[in-house]
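One structure below.
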Amino acid sequence: MISWLQKKSKTTAGLTLSALALAVAASASQAADERVGDFALLDQEGYFHHMAWYDNNKAVAFLVQGNGAQETRQALANFEQLKAQYESQGIVFMMINPLGQDRAEVAADVAAMGTSIPVLIDDVQTVSESIGIEHIGEAVVYDPKSFRVMYRGDAGQPLADALAQVAAGQAVSNALVAAQGTAVSYPERDITSVSYEKDVAPIIAENCASCHREGGIAPFALNSHAMVQGWSPMIREVMMTKRMPPGQLDPHVGDFRNSYVVPFEDQRKVLDWIAAGSKKDGATDPLAMIEWPPTEWAFGEPDYIIEIPEQAVPATGVLDYRYEFIPISLPEGKDYYVRASQYMPGDRTVLHHTLNAMFGPGERPSGRGFVAPANPNVAHVTPYIPGAAPSVEEPNTGGLLKNGSTIAIQLHYTTTGREAKDASRIGLWFYPEDQIPTERRTGECACIFTPTWTNIPPYDPNFEQTAEITIPDDAYVLSFLPHMHFRGKYMRFEAHYPDGSTELLANVANYNYNWQMEYQLAEQKLVPAGTRIVVTGAFDNSSQNKANPDPAREVPWGDQSWDEMFFGQVYYKFVDQSRYAAEATVQEADANLVSAAQ
Numbered sequence: 090m091i092s093w094l095q096k097k098s099k100t101t102a103g104l105t106l107s108a109l110a111l112a113v114a115a116s117a118s119q120a121a122d123e124r125v126g127d128f129a130l131l132d133q134e135g136y137f138h139h140m141a142w143y144d145n146n147k148a149v150a151f152l153v154q155g156n157g158a159q160e161t162r163q164a165l166a167n168f169e170q171l172k173a174q175y176e177s178q179g180i181v182f183m184m185i186n187p188l189g190q191d192r193a194e195v196a197a198d199v200a201a202m203g204t205s206i207p208v209l210i211d212d213v214q215t216v217s218e219s220i221g222i223e224h225i226g227e228a229v230v231y232d233p234k235s236f237r238v239m240y241r242g243d244a245g246q247p248l249a250d251a252l253a254q255v256a257a258g259q260a261v262s263n264a265l266v267a268a269q270g271t272a273v274s275y276p277e278r279d280i281t282s283v284s285y286e287k288d289v290a291p292i293i294a295e296n297c298a299s300c301h302r303e304g305g306i307a308p309f310a311l312n313s314h315a316m317v318q319g320w321s322p323m324i325r326e327v328m329m330t331k332r333m334p335p336g337q338l339d340p341h342v343g344d345f346r347n348s349y350v351v352p353f354e355d356q357r358k359v360l361d362w363i364a365a366g367s368k369k370d371g372a373t374d375p376l377a378m379i380e381w382p383p384t385e386w387a388f389g390e391p392d393y394i395i396e397i398p399e400q401a402v403p404a405t406g407v408l409d410y411r412y413e414f415i416p417i418s419l420p421e422g423k424d425y426y427v428r429a430s431q432y433m434p435g436d437r438t439v440l441h442h443t444l445n446a447m448f449g450p451g452e453r454p455s456g457r458g459f460v461a462p463a464n465p466n467v468a469h470v471t472p473y474i475p476g477a478a479p480s481v482e483e484p485n486t487g488g489l490l491k492n493g494s495t496i497a498i499q500l501h502y503t504t505t506g507r508e509a510k511d512a513s514r515i516g517l518w519f520y521p522e523d524q525i526p527t528e529r530r531t532g533e534c535a536c537i538f539t540p541t542w543t544n545i546p547p548y549d550p551n552f553e554q555t556a557e558i559t560i561p562d563d564a565y566v567l568s569f570l571p572h573m574h575f576r577g578k579y580m581r582f583e584a585h586y587p588d589g590s591t592e593l594l595a596n597v598a599n600y601n602y603n604w605q606m607e608y609q610l611a612e613q614k615l616v617p618a619g620t621r622i623v624v625t626g627a628f629d630n631s632s633q634n635k636a637n638p639d640p641a642r643e644v645p646w647g648d649q650s651w652d653e654m655f656f657g658q659v660y661y662k663f664v665d666q667s668r669y670a671a672e673a674t675v676q677e678a679d680a681n682l683v684s685a686a687q
């Protein structure tokens, strides 16, 4: 039924790794005032810092931190004083850990030092290497507009002098000053030894090529050495800023099948290869040899396709939601358990999202189905969410799709300045007829709607809201799906256990409206009855958010993208699955009564 679904052992990212290159060549001998490029790192608490976001400031000052390092402690008091003096003058103060040390240990070191200054952790060590960091306890001043190093060296008086000049809008007169301290060690390697054929091409194939191919959703194909080499500048930029692969999770929280994070060592390999000139080696080009299935569907041709009536979308205007009620006529008039589904948009430039509800034979469709909790005994059919991957049930899990059912679909379109037509399709793949799944997935949304929504203040760069759900019985947590609009910044899912302990389960540190993923745990997480999942999301309503429609606006809850939403969906399975057998019996009896009354 699902031809090569079982062969695909890992969910690959949509757009690519599009690779990475922080220009390793500019290592320890890095001169100040050399352009090193934009970059982004997570701090010791898992919050995302993108240097371009700070481009309304004059500079970012870094103190180099190492766990337990006396050099950092000795320099910190002066650094804190400079922060108090210059923070209001457009200079942002942070620390950076160039060793990629353990996050919990870095957080403990920060707590021991009694400072609130965040520490950006360079897991791959390529940012620090490109900046030219040589010693623990030294300082770096970085221009977030030009992406250049303005000063590097001693964190004492020379740093104070440099910051005074930066604050005054002057060039730094002494931009490179010798510093003492423990030398920072970087991985020893010969960057010319990285092989395109054996190292780089397999990394691209695993992380990028499923979207970056002819006919894929990405804007260009990475299907040969020539293409990868030609796109190296873009590859460098998107990897430095963690923009690709899209939808990256915090790699230090949980273990996910689809974290969309390229392993650190693989990042370094691709980086080194690009820094060495992106050369081709070997007799073959693995990317050019990939053969994709002769279909646009993820798992081969579907067993059944739901055709959604074509929708005409005007060039301008605000559009009301549209509704279609589509009858389901299954092969041979039989009922089937659904294993997987995929929404294939006809024109994703105008399709904002969809919701759906399934009504069995004899049931009367109603609008409540779009917001009511789904019945786990009924087949799950994926809606359309920007950037989402096809939906695949866990093994031995799935609901029944009955012949004669009706799927009700809510469609939300946005105009783009040109007329468009959208004829979307939904592909379904069934379990074999002799394979009946005995388990059901359920879930609940930690959502905020209008009664409890708090409007987002104008220009607020980090407005948090919180919602929670309680899992009533012992259950296995499976996955998480965040949803916000253009101002969404991050969303964190934290378990609060009955014994009073807490555990961060997932951290979407850099939420992007264009890539709304369902993040699936590699192993199901057993949680006891009464566990609360507390979801914290933040919105960036500042002018620094380049996607923000209007930072001057107080933002309400609303359906349109210029308003906001807060959905923190959690999917799980109850340990005791017997409840679903009883529910199915009751529902079958109810359906028969409705049918008999018609």
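Numbering of the sequence shown is given in our numbering, commencing with residue 90 and proceeding in unit increments. Idealized CB from N, CA, C, for every residue including glycine. Quick caveat: nothing in here was measured; it's all calculated off a predicted structure.
Check, Outcome
"In whole angstroms, give me the CA-to-CA distance for Glu677 and Ala446.", "Since pLDDT at Glu677 reaches only 47, below the 50 mark, its modelled position is unreliable, and no value is offered."
"Within the continuous alpha helix (DSSP H) that includes Thr161, where are the two ends?", "159 to 175"
"Assuming Tyr565 and Gln524 are in contact, meaning their beta carbons sit under 8 Å apart, how far apart are those beta carbons, in whole angstroms?", "Not really, about 21 Å apart at Cβ, beyond 8 Å."
"So, is Leu248 buried or exposed, given that buried needs 16 or more other C-beta atoms within 10 angstroms?", "buried"
"Can you tell me which residues form a DSSP beta bridge with Lys662?", "Tyr565"
"Out of Thr539, Thr438, Asn551, state which residue places its alpha-carbon closest to the alpha-carbon of Asp511.", "Thr438"
"Contact between the region 236 to 248 and the region 285 to 294 is defined here as three or more beta-carbon pairs at a separation below 8 Å; is this criterion met?", "no"
"Let me confirm a value: Asn485 is counted as buried when at least 16 other C-beta atoms fall within 10 Å, else exposed. Which label applies?", "exposed"
"Would you list the one or two residues that DSSP bridges to Tyr231?", "Val149, Val238"
"For Phe414, count the other beta carbons within 10 Å of its own beta carbon; 16 or more makes it buried, fewer makes it exposed. Which is it?", "exposed"
"My guess is that Ile558 and Val659 are in contact by the Cβ rule of under 8 Å, so how many angstroms apart are they, rounded?", "6 Å"
"Look up Asp198 in the DSSP assignment and say whether it is helix, strand or coil.", "helix"
"Provide the residue(s) that pair with Tyr425 in DSSP beta bridges, ordered along the chain.", "Leu490"
"Just reading off the beta strand (DSSP E) that Glu295 is part of, what are its end residues?", "Looking at the DSSP string, Glu295 is not in any beta strand (DSSP E); the run it does join, the alpha helix (DSSP H), is 290 to 296."
"Measuring straight from C-alpha to C-alpha, what distance separates Ala307 and Met606?", "16 Å"
"Is the distance from the Cβ of Gly657 to the Cβ of Gly626 below 9 Å?", "yes"
"Have a look at the DSSP bridge pairing and note the partners of Asp511.", "Gln400"
"Just to confirm my understanding: we take Asp374, look at its own chain, exclude 5 residues before and 5 after, and list those with CB closer than 6 Å. What are they?", "Ser313, His314"
"On a Cα-Cα basis, can you pick out the residue from Thr531, Val481, Thr503 that is closest to Leu517?", "Val481"
"Buried or exposed: Glu160, going by 16 or more other Cβ atoms within 10 Å of its Cβ?", "buried"
"DSSP state of Phe388, grouped into three classes?", "coil"
"If contact is defined by three or more beta carbon pairs under 8 Å, each pair taking one atom from either stretch, is the region 527 to 534 in contact with the region 638 to 652?", "no"
"Measure the alpha-carbon distance for Ile394 versus Tyr349 and round it to whole angstroms.", "29 Å"
"Please say whether Ile210 and Asp288 have beta carbons closer to each other than 9 Å?", "no"
"To the nearest angstrom, report how far apart Met183 and Ala429 are at their CA atoms.", "46 Å"
"Which of helix, strand or coil does DSSP assign to Ala114?", "Bear in mind that the predicted position of Ala114 carries a pLDDT of just 35, short of 50, making it too unreliable to give a figure here."
"In or out: Arg453 buried (at least 16 other Cβ within 10 Å) or exposed?", "exposed"
"What separation, rounded to the nearest whole angstrom, lies between the Cα atoms of Tyr401 and Gln178?", "The sequence given here places Ala at residue 401; Tyr does not occur at that position. Approximately 52 Å between the Cα atoms of the pair."
"What first and last residue would you give for the alpha helix (DSSP H) that runs through Asp344?", "Element bounds for Asp344: n/a, residue is neither H nor E."
"Looking only at its own chain, which residues have a Cβ that is under 8 Å from the Cβ of Ser235, when we skip the five neighbours before and after it?", "Arg124"
"If you measure between the beta carbons of Tyr426 and Tyr520, is that distance less than 9 Å?", "yes"
"Would you report the Cα separation of Tyr175 and Gln554, rounded to the nearest angstrom?", "31 Å"
"Could you check which residue in Gly155, Ile496, Glu354, Asn492 has the C-alpha nearest to that of Glu277?", "Glu354"
"Do you know whose CA, among Leu338, His139, Arg507, Glu218, lies nearest Tyr275's CA?", "Glu218"
"What number of angstroms, rounded off, separates the C-alpha of Gly189 from the C-alpha of Met202?", "19 Å"
"Quick check on this structure: which residue in His442, Lys358, Met140 has the alpha carbon closest to the alpha carbon of Ala477?", "His442"
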